[in-house]
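S.K.: Chains as they are written, first to last, in this note's numbering: chain Z, 1306 to 1438; chain V, 1306 to 1438.
Backbone N, C-alpha and C fix where the C-beta goes; we use that ideal spot for every residue, glycine too.
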DNA sequence: TCTAAAATTTAGCCTTGGCTAAACTGGAGC
DNA sequence: GCTCCAGTTTAGCCAAGGCTAAATTTTAGA
């Protein structure tokens, strides 16, 4: 039978995963900066309505990246934290590499944002090695 | 008033543009390799159903990247060709840069695929300069 | 030429991620 | 304790991009 349970697959596709990574990363940032992550702040940072952010966070909760009770702050689950850390690490390496080869800071920031999701671990290793030199 | 005509904006968002770039690039490739691009081949290359490919191509036609008559091959408009060329150029530079810094070919191919859409022209210039050295 | 297979299109379904409008809750301040 | 406001949630809309089933057209072969 045709795997109806695909509905419950953790990460349906690449685009889907990118969203998850972006959001958990942001939630971690907000937690670090303000003690906790609130829906309104998440929405503001991504430049979307609270309704859109709420929907996405609802999905992330369904997929066990985050937890939250109604009208309360958002928290990362252990695996959400792991994903956030990996994403942040990836981001940082790409960003620093870009700066190292001469890309201006603001541009490196923007480009890294988009590129981080598409850099394989093999390539990441190579970037990291080059950073040390 | 709140720009209802946003509905007719050429490229609604980044993800939207990426799809357009991927498809025009593929259509150009198919035209080069087989003389013309057929729906079935496009769908096969992207690993989606012909129905999905058809829908996307319909949108690209609406947005004047391509032309085609019912049941016939697909052709790029002049601006479609320009987009395809730019995309291919971008892709090639990223791919070659990755290979140059030591990323294995197959991995460079995959990573370049994803990264090409997120590399700003400033960063691209820097990559190109490094390639020449 | 005619028929069957292949290619294309249409109909209709789903999920995601956008939005606005409207309802609901929690908490601060009186 | 009550009220009101900010924050959150729900309802309901839309487009894109995924699918299968079914209809239609083209084309190749007998």
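Since residue 1428 of chain V and residue 1416 of chain Z are thought to touch, with beta carbons under 8 Å apart, how far apart are those beta carbons, to the nearest angstrom?
M.R.: Their Cβ separation, rounded to whole angstroms, is 5 Å, which keeps residue 1428 of chain V and residue 1416 of chain Z in contact under 8 Å.
S.K.: If we ignore side chains and look at the alpha-carbon of each, how far apart do residue 1410 of chain Z and residue 1399 of chain Z end up?
M.R.: Going by the C-alpha atoms only, they are around 12 Å apart.
S.K.: For residue 1346 of chain Z, tell me which candidate among Z:1378, Z:1403 and Z:1387 has the shortest Cα-Cα distance.
M.R.: The candidate whose alpha carbon is nearest that of residue 1346 of chain Z is Z:1378.
S.K.: Could you tell me which residues DSSP puts in a beta bridge with residue 1373 of chain V?
M.R.: According to DSSP, residue 1373 of chain V bridges with V:1379.
S.K.: With distance defined between alpha-carbon atoms, name the residue in V:1332, V:1367, V:1329 and V:1405 nearest to residue 1432 of chain Z.
M.R.: Of V:1332, V:1367, V:1329 and V:1405, the residue nearest in Cα terms is V:1405.
S.K.: Per the DSSP calculation, residue 1342 of chain Z is bridged to which residue(s)?
M.R.: Answer is Z:1379.
S.K.: Does DSSP put residue 1347 of chain V in a helix, a strand or coil?
M.R.: Three-state DSSP puts residue 1347 of chain V in a helix.
S.K.: Using CA atoms only, rank isn't needed, just tell me which of Z:1318, Z:1413 and Z:1343 is closest to residue 1380 of chain Z.
M.R.: Closest option to residue 1380 of chain Z, Cα to Cα, is Z:1343.
S.K.: Which of helix, strand or coil does DSSP assign to residue 1368 of chain V?
M.R.: It is coil, neither helix nor strand.
S.K.: Counting only Cβ-Cβ distances shorter than 9 Å, please list the residues of the region 1407-1437 of chain Z near chain V, keeping chain order.
M.R.: For the region 1407-1437 of chain Z, which is checked against every Cβ of chain V, the residues closer than 9 Å are 1407, 1408, 1409, 1412, 1413, 1415, 1416, 1417, 1418, 1419, 1420, 1421, 1422, 1423, 1424, 1425, 1427, 1428, 1431, 1432, 1434 and 1435.
S.K.: Using a C-beta to C-beta distance shorter than 8 Å, which residues of chain Z count as neighbours of residue 1359 of chain V?
M.R.: Within chain Z, no residue comes near residue 1359 of chain V; the closest Cβ sits about 20 Å away, beyond 8 Å.
S.K.: Less than 9 Å separating the beta-carbons of residue 1336 of chain V and residue 1388 of chain V?
M.R.: For residue 1336 of chain V and residue 1388 of chain V, no; Cβs fall outside 9 Å.
S.K.: Listed from N- to C-terminal order along the chain, which residues in the region 1388-1406 of chain V have their beta-carbon within a distance smaller than 8 Å of any beta-carbon of chain Z?
M.R.: Within the region 1388-1406 of chain V, the residues whose Cβ lies closer than 8 Å to some Cβ of chain Z are 1403 and 1406, listed in chain order.
S.K.: For residue 1422 of chain Z, I'd like the list of residues in its chain whose CB is within less than 6 Å of its CB, leaving aside the five on either flank, ordered along the chain.
M.R.: For residue 1422 of chain Z, where only same-chain residues beyond five positions count, the Cβ hits under 6 Å are 1323.
S.K.: For residue 1331 of chain Z and residue 1339 of chain Z, I'd like the C-alpha separation in whole angstroms.
M.R.: Their Cα atoms are separated by approximately 12 Å.
S.K.: Flag residue 1319 of chain Z as yes if its beta-carbon sits less than 9 Å from any beta-carbon of chain V, otherwise no.
M.R.: Output row for residue 1319 of chain Z: interface = yes.
S.K.: Run through the region 1371-1435 of chain V for me and flag every whole alpha helix (DSSP H) of 4 or more residues, listed as ranges in chain order.
M.R.: The region 1371-1435 of chain V contains these whole alpha helix (DSSP H) runs: 1383-1405 and 1410-1420.
S.K.: Should residue 1394 of chain Z be labelled buried (16 or more other beta-carbon atoms within 10 Å of its own) or exposed?
M.R.: Answer is exposed; the Cβ neighbour count stays below 16.
S.K.: Since I believe residue 1385 of chain V is in contact with residue 1329 of chain V (beta carbons under 8 Å), could you give me their beta-carbon distance rounded to a whole number of angstroms?
M.R.: So it is a contact: roughly 5 Å between Cβ atoms.
S.K.: Relative to the C-alpha of residue 1321 of chain V, which residue among V:1372, V:1435 and V:1362 is closest?
M.R.: When each option's Cα is compared against that of residue 1321 of chain V, the closest is V:1362.
S.K.: Quick one: what's got a C-beta closer than 8 Å to residue 1382 of chain Z's C-beta in the same chain, skipping five residues either side?
M.R.: Hits under 8 Å: 1369, 1370, 1371 and 1372.
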